[in-house]
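Taking it in order: structure first as structure tokens, then the write-up.
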Amino acid sequence: MTKKYFEDLDVINKVFKEEEEESLPKPDMNKPVFKLYPKAAENVKAGKCATCGKEIKAKDFKDDLSKKEYGISGMCQKCQDDIFG
Ligand SMILES: [Zn+2]
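Using the working numbering, read the sequence shown as starting at 8 and increasing by one per residue.
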């Protein structure tokens with residue numbers, strides 16, 4: 008029982024980890040910036056980049072930091088690169 012439990016735990020953790028990697032933090036739509044820029048808010052709500060309107064895909068982000076940044080600004084990887092270099 009114990010060994011099986013640990014095996015299952017391992018499998019479950021792996022599944023969750025994969026899901027985590029594919030999921031993106033959702034930008035907080037209550038931020039003042041989205042009130043100032045309704046167009047950006049519209050894009051984010053539609054799953055698009057706040058600034059260029061390109062469709063957002065989790066795999067387009069190169070690392071967790073970029074995903075985190077998306078969760079803040081709603082910007083795609085390319086727009087982040089353009090701004091942060
Ligand atoms: Zn963009």
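Note that beta-carbon positions come from the ideal geometry of N, C-alpha and C, so glycine has one too.
Distance between beta carbons of residue 55 and residue 61, contact taken as under 8 Å: 6 Å
With three or more beta-carbon pairs closer than 8 Å as the criterion, would you say the region 14-22 touches the region 32-43? no
In angstroms, rounded to a whole number, what distance separates the CA positions of residue 73 and residue 42? 23 Å
Hey, could you find the ends of the alpha helix (DSSP H) residue 80 is sitting in? 71-80
Complete alpha helix (DSSP H) runs within the region 22-58 (minimum length 4 residues, chain order): 39-43 and 45-52
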